[in-house]
Amino acid sequence: MRRREFITLVVGAAAAWPFGVRAQQPAMPIIGFLRPTPSAPFAHLMAAFRRGLSEVGFVEGQNVAIEQRWTEGEDNRLPALVTDLMRRKATVIVTNQPGALAAKAAGTTIPIVFASGTDPVSDGLVASLNRPGGNLTGVVFITSALGAKRLEMLRQLAPKATMIAMIANPVSPETEAERRDVQNAAQEFGLRLFLSDVFSTRDIEAAFATFVQRGVGGLLGPFLTSHREQIIGLAARHGVPAIHPLREFVSIGGLMSYGTSISDAYRQAGIYAGRILKGEKAADLPVMQSTKFEFVLNLKTAKALGLDIPDKLLALADEVIE
Numbered sequence: 122m123r124r125r126e127f128i129t130l131v132v133g134a135a136a137a138w139p140f141g142v143r144a145q146q147p148a149m150p151i152i153g154f155l156r157p158t159p160s161a162p163f164a165h166l167m168a169a170f171r172r173g174l175s176e177v178g179f180v181e182g183q184n185v186a187i188e189q190r191w192t193e194g195e196d197n198r199l200p201a202l203v204t205d206l207m208r209r210k211a212t213v214i215v216t217n218q219p220g221a222l223a224a225k226a227a228g229t230t231i232p233i234v235f236a237s238g239t240d241p242v243s244d245g246l247v248a249s250l251n252r253p254g255g256n257l258t259g260v261v262f263i264t265s266a267l268g269a270k271r272l273e274m275l276r277q278l279a280p281k282a283t284m285i286a287m288i289a290n291p292v293s294p295e296t297e298a299e300r301r302d303v304q305n306a307a308q309e310f311g312l313r314l315f316l317s318d319v320f321s322t323r324d325i326e327a328a329f330a331t332f333v334q335r336g337v338g339g340l341l342g343p344f345l346t347s348h349r350e351q352i353i354g355l356a357a358r359h360g361v362p363a364i365h366p367l368r369e370f371v372s373i374g375g376l377m378s379y380g381t382s383i384s385d386a387y388r389q390a391g392i393y394a395g396r397i398l399k400g401e402k403a404a405d406l407p408v409m410q411s412t413k414f415e416f417v418l419n420l421k422t423a424k425a426l427g428l429d430i431p432d433k434l435l436a437l438a439d440e441v442i443e
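So, in structure tokens, the structure goes:
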């Protein structure tokens, strides 16, 4: 063989070798990240999820791929997005309560890790918290039990208020229990409680109009993240001090929030997703309760409402937005 021919043969083989090796390497597992919400306001949840994954040794692009699916305000797309992730052969799907219900309805056997603000047993997602029993498990950050505590904090910020309003979504199974707790607390504080059920944007507008007519001095905001901009805007326009269940309201201008951390719940969901990738079964992973609570204050909003934050309340804040 001539020297020139030999060099050409070696160089050609070397160029082709990496592609052949890559073709033999197994594809990275795919995690489907699914939420029936717009993507932009909840990028921090994706970041928290990645942190959880990294804690158990998985880094996107290195040893795992993440396929994100968001409905972007078109929640009727949810079943189709579930089907798409099934077609992509996702190894595990991480989602919230509506996404988990849609995945279960689709009959998929793909392991599902949910981060839910409701009771997954009542929702029919798992048989029990300790023994989920199927292909679903996850993290719960139930906030309804904190309604009385939020009322107490609101009372400190609006001590002259005699009537407090509470917006609720009656479809939620936790609503009735929270109402009872808040009503009992309102009676203890000598406050009148005005309850308002809302189902839509129009209902929220009408509720605030009624609040103004009734002279409501404060508001317990609902667990309605899809309507948070509207609720915060109406509270500011009508000068109603409000406390919300999630910091996601305060970060875009809400007055204050007290509740469990959704971000931490998604971090924990990342840990569970990683453990499933390593071979554990969803049925054997008990549903976790998120135990990180956070009290967040927005001083700019307080100033706009003409409110003075008591030192005692300020000292309790885990985060102060200025």
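Residues 122 to 443 (my numbering) make up the sequence shown, in order.
Think of the CB as a built atom: it goes at the ideal place given N, C-alpha and C, for glycine as much as any other residue.
Count the other CB atoms, across all protein chains shown, that sit within 10 Å of the CB of residue i; report buried if there are 16 or more and exposed otherwise.
i: Gly311; result: exposed
i: Thr322; result: exposed
i: Pro253; result: buried
i: Val203; result: buried
i: Pro241; result: buried
i: Val215; result: buried
i: Arg143; result: With a pLDDT of 41 at Arg143, under the threshold of 50, the modelled position of that residue is not reliable, and the figure given next carries that caveat. Arg143 is exposed by the Cβ-count criterion.
i: Gln308; result: exposed
i: Leu278; result: buried
i: Phe332; result: buried
i: Phe235; result: buried
i: Arg396; result: buried
Are residue i and residue j touching if we call contact CB-CB under 7 Å?
i: Ala282; j: Gly339; result: yes
i: Thr381; j: Phe414; result: yes
i: Val213; j: Ala394; result: yes
i: Ala186; j: Ile151; result: yes
i: Ala269; j: Ala328; result: no
Quick one: residues in its chain with C-beta nearer than 6 Å to the C-beta of residue i, no 5 flanking neighbours on either side, listed in chain order?
i: Leu316; result: Met287
i: Gly375; result: Ile353 and His365
i: Leu246; result: Ala221 and Leu257
i: Met207; result: Thr229
i: Gly153; result: Glu188, Leu206, Ala211 and Ile214
i: Pro200; result: Ala223
i: Arg388; result: Ala169, Arg172 and Gly173
i: Asp302; result: Gly268 and Ala269
i: Arg349; result: Phe370
i: Ala248; result: Gly254
Looking only at its chain, what residues have a beta carbon closer than 7 Å to the beta carbon of residue i, apart from the 5 residues adjacent to it on each side?
i: Arg171; result: Glu181 and Gly391
Among the residues of its own chain, which have a CB less than 8 Å from the CB of residue i, if the five just before and after it don't count?
i: Ala227; result: Pro200, Val203, Thr204 and Met207
For this session: Would you check if the region 401-409 and the region 360-371 touch, i.e. whether three or more CB-CB distances between them fall below 8 Å?
Result: no
Exercise. What residue ranges within the region 380-435 form continuous beta strand (DSSP E) runs of no fewer than 3 residues, ordered along the chain?
Worked result: 414-419
For this session: Examine the Cβ distances between the region 180-188 and the region 224-242 and report whether three or more of them are shorter than 8 Å.
Result: no
Exercise. On the three-pair Cβ rule with 8 Å, is the region 383-402 touching the region 354-363?
Worked result: no
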